[in-house]
Amino acid sequence: MGASESTQKLGERVMTARKKLEEDQKMQSERAQSLRDASSSTMMLTLDRMQESFERFAPFLERTLLVAWEADSDKCKQFMLKACEKVLSAPIKEDEYDWFKKYVLPSSLWMAKANENRFMYQHLMDIVNKQSADIIKNMDCVYRHLQTHEKWSELMAIQNESVVDRQDDAAVGLLHEDGIQSVAESKNEKDEEIASFVDSHVAVQALTVTANTVNKEFQTYIESVMSQYGEYKAGPMKKVERCLSKLENDYYDAAYPKSAKLLDLVRCSVNFNTLEQLLLGYKALVADMARPSSDIKMARVKNGFLDKTYDGGYRDIKVNVIFQSA
């Protein structure tokens, strides 16, 4: 699947969102007019209660938000963006961010035009870009400070390494089933469609099932190795939707099955307070992988501190491992 096809799909999603908004707004506009005819105070009450929902990060219904927009789009825009700015300002509170993701971000109103002939999502992106710039500035200060550390050279000595970069590598052994491999040789357009379906659905499903099976055991093992060096946190498993997005945008030209490039369905992180802790933790992980009886082996290392083209902000060391379940 090429980049042009991915762009086309993105365009289709935008058009679908716009169509949905138009349909929703038409329906709610009719409902809003009925409410005005019945009682103008009901419209204002709806607007006021919706404002309170955004101020208190309380759940709300999309249809009620659309009615509030019909009542006063300018006021609705103001309290929506004000709440978003608060949610996205450091320190980000998990409960407020969960509310934002569940109720606010999915709203079709982001495709609506506000004043200045700009879409609502453009105003949201203004907030995001401003907050990102502040975070990047702070992270760059930390980065410059680290460069003066006596152990900086040790950090820079950790080189990028790629031992295994596919799930169907012999060292991993996944996605070798005949039901996946038998459609690899496409003979015509129909065969290509079948192969694409198997790759993006059957193979991805096989990976997610495996990830779900080993996740708890993997997290327990890595935590036992790393928790004494930093703050260990189990990550959420990669969602199917994110897997499909990666196939479309990052791995569109990879060999079949493209899904074999999805390495990090099971994830965790370790946060270190000092450079010394980071180095000790990394060395401990490498030492564990070197043990003959270890359940993990090296797959890939990516040292983000080595990237001279990086335009600033968050940096880390990513390590992919091959996990042998008991």
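UniProt numbering puts the first residue of the sequence shown at 1, with every later residue one more than the last. All C-beta atoms in this analysis are idealised placements derived from N, C-alpha and C, irrespective of residue type, glycine included.
- Quick one: what does DSSP say Y252 is sitting in, helix, strand or coil? Position 252 of the sequence shown, counted from the start, is the residue given in the question as residue 252. In the structure shown, Y252 sits in coil (DSSP, three-state: anything other than H, G, I, E or B).
- Query: For the beta strand (DSSP E) that R300 lies in, which residues bound it at each end?
  - Reply: Here residue 300 refers to the residue found at position 300 when the sequence shown is read from its first residue. Run containing R300: I296 to N303, per the beta strand (DSSP E) assignment.
- Give the DSSP-derived three-state secondary structure of K82 in the structure shown. Here the question's residue 82 lines up with position 82 in the sequence shown. In the structure shown, K82 sits in a helix (DSSP, three-state: H, G or I).
- Item | Contacts around R315, its chain only, beta-carbon distance under 6 Å, and the 5 residues preceding and following it disregarded | Here residue 315 is taken as the residue at index 315 of the sequence shown, counted from 1. So the qualifying residues of the chain are G304 and F305.
- Item | Runs of beta strand (DSSP E) lying entirely within the region 177 to 244, each at least 3 residues, in chain order | Counting whole runs of 3 or more residues, the region 177 to 244 contains the beta strand (DSSP E) stretches 231 to 234.
- Task: Enumerate in chain order the residues of its own chain whose CB-to-CB distance from Y143 is below 7 Å, with the five nearest sequence positions on each side excluded.
- Result: Numbered from 1 along the sequence shown, position 143 holds the residue referred to as residue 143. Sequence-distant partners of Y143 (beyond 5 residues in either direction) whose C-beta falls short of 7 Å from its own C-beta, in its chain, are R315.
- Item | Buried or exposed by the 16-neighbour rule on C-beta atoms within 10 Å, applied to F197 | Counted from its first residue, the sequence shown places residue 197 at position 197. Counting the other Cβ atoms within 10 Å of the Cβ of F197 gives fewer than 16, which makes it exposed.
- Item | Whole-Å CB distance - V87 paired with E96, under 8 Å assumed | By 1-based counting over the sequence shown, the position of residue 87 is 87. By 1-based counting over the sequence shown, the position of residue 96 is 96. Taking C-beta atoms under 8 Å as the contact rule, V87 and E96 qualify, at a distance of about 5 Å.
- Buried or exposed (CB count within 10 angstroms, at least 16 for buried), P257: Numbered from its first residue, the sequence shown carries residue 257 at position 257. Buried, because 16 or more other Cβ atoms sit within 10 Å of the Cβ of P257.
- Apart from the five residues just before and just after E231, which ones in its own chain have a Cβ nearer than 6 Å to its Cβ? Working through the sequence shown from its first residue, we reach residue 231 at position 231. So the list reads N271, once near-sequence residues are dropped.
- Item | Cβ contact (3+ pairs, closer than 8 Å) linking the region 266 to 284 and the region 146 to 157 | Yes, the region 266 to 284 touches the region 146 to 157.
- Query: Where do the ends of the beta strand (DSSP E) carrying I322 lie?
  - Reply: As a position in the sequence shown, residue 322 is number 322, starting the count at 1. Boundaries of the beta strand (DSSP E) around I322: I317 to F323.
- Task: Determine which residues share a DSSP beta bridge with V270 and list them.
- Result: Taking the sequence shown and counting its residues from 1, one reaches residue 270 at position 270. V270 pairs with Y232.
- Keeping to the same chain, check which residues put their C-beta closer than 7 Å to that of D295; ignore five residues upstream and five downstream. Position 295 of the sequence shown, counted from the start, is the residue given in the question as residue 295. If we look at D295 and ignore the five residues flanking it on each side, its Cβ neighbours are Y221, F323 and Q324.
- Task: Could you tell me which residues DSSP pairs with E161 in its beta bridges?
- Result: Locating residue 161 in the sequence shown gives position 161, counting from the first residue. The secondary-structure analysis by DSSP pairs E161 across a beta bridge with V301.
- Query: Under the rule that 16 or more other beta-carbon atoms within 10 Å means buried, what is R291, buried or exposed?
  - Reply: Working through the sequence shown from its first residue, we reach residue 291 at position 291. Label assigned to R291: exposed.
- Message: Taking 6 Å as the limit between beta carbons, can you name the residues of its chain near K302, skipping five residues before and five after?
- Response: If you number the sequence shown from 1, residue 302 lands on position 302. Hits under 6 Å: N160 and K318.
- Message: Starting from E276, trace the alpha helix (DSSP H) in both directions and tell me its first and last residue.
- Response: On the sequence shown, residue 276 is found 276 positions in, with the first residue counted as 1. Per DSSP, the continuous alpha helix (DSSP H) segment holding E276 begins and ends at L275 to A290.
- Hey, would you say D288 sits closer than 8 Å to V225, going by beta carbons? As a working mapping, residue 288 is identified with position 288 in the sequence shown. As a working mapping, residue 225 is identified with position 225 in the sequence shown. A distance below 8 Å separates the beta carbons of D288 and V225.
- Rounded straight-line distance, which links the Cα of V240 to that of E248: Counted from its first residue, the sequence shown places residue 248 at position 248. Counted from its first residue, the sequence shown places residue 240 at position 240. Here the alpha carbons of V240 and E248 stand approximately 13 Å from one another.
- Please work out which residues of its chain come closer than 8 Å, Cβ to Cβ, to L124, disregarding the five sequence neighbours upstream and downstream, and give them in chain order. In the sequence shown, residue 124 corresponds to position 124, counting from 1. If we look at L124 and ignore the five residues flanking it on each side, its Cβ neighbours are L81, C84 and W110.
- Query: Below 8 Å between beta carbons: does that hold for V214 and V266?
  - Reply: The sequence position of residue 214 within the sequence shown is 214, counting from 1. The sequence position of residue 266 within the sequence shown is 266, counting from 1. Their beta carbons are under 8 Å apart, which means V214 touches V266 by this criterion.
- Message: Quick check: what's the CA-CA separation for C141 versus A184?
- Response: Looking up residue 141 in the sequence shown gives position 141. Looking up residue 184 in the sequence shown gives position 184. Going from the Cα of C141 to the Cα of A184 covers about 49 Å.
- Task: State buried or exposed for D120, treating a residue as buried only when at least 16 other CB atoms are found within 10 Å of its CB.
- Result: Stepping through the sequence shown from its first residue, residue 120 is reached at position 120. Here the sequence assigns Met to residue 120, which means Asp is not the residue at that position. By the 10 Å Cβ count, M120 comes out buried.
- Item | Straight-line Cα distance separating H176 from I194 | In the sequence shown, residue 194 corresponds to position 194, counting from 1. In the sequence shown, residue 176 corresponds to position 176, counting from 1. One Cα belongs to I194, the other to H176, and the distance between them is close to 17 Å.
- Query: Any idea which residues DSSP pairs F119 with across the strands?
  - Reply: Looking up residue 119 in the sequence shown gives position 119. Per DSSP, the beta bridge partners of F119 are K113.
- Item | Pick from P59, D126, V128 and K113 that is closest to K102, judged by C-alpha positions | One-based indexing of the sequence shown puts residue 102 at position 102. Residue P59 is the option with its Cα nearest to K102.
- Message: Suppose you measure from the CA of I180 to the CA of V202; what does that come to, to the nearest Å?
- Response: Counted from its first residue, the sequence shown places residue 180 at position 180. Counted from its first residue, the sequence shown places residue 202 at position 202. So the alpha carbons of these two residues sit roughly 7 Å apart.
- Query: In the structure shown, what three-state DSSP assignment does H149 receive?
  - Reply: For this step, residue 149 is matched to residue 149 along the sequence shown. In this structure, H149 counts as coil in the three-state DSSP scheme.
- Message: Mapping the DSSP letters down to three states, classify R166 as helix, strand or coil.
- Response: What you label residue 166 is simply residue 166 of the sequence shown in a count that begins at 1. Coil at R166, not helix or strand.
- Item | Limits of the unbroken alpha helix (DSSP H) element including residue 332 | The displayed coordinates of the chain run from 1 to 326. Any statement about residue 332 would go beyond what the structure contains.
- Query: Do K75 and A114 have their CB atoms nearer than 8 Å?
  - Reply: On the sequence shown, residue 75 is found 75 positions in, with the first residue counted as 1. On the sequence shown, residue 114 is found 114 positions in, with the first residue counted as 1. Contact: no.
- Which residue from A234, Q228 and D253 puts its Cα closest to that of E217? The count along the sequence shown starts at 1 and reaches residue 217 at position 217. Nearest C-alpha to E217: A234.
- Query: Which residues in the same chain as F54 place their Cβ atom closer than 7 Å to its Cβ, once the five residues preceding and following it in sequence are excluded?
  - Reply: One-based indexing of the sequence shown puts residue 54 at position 54. Cβ within range, chain order: F79, M80 and A83.
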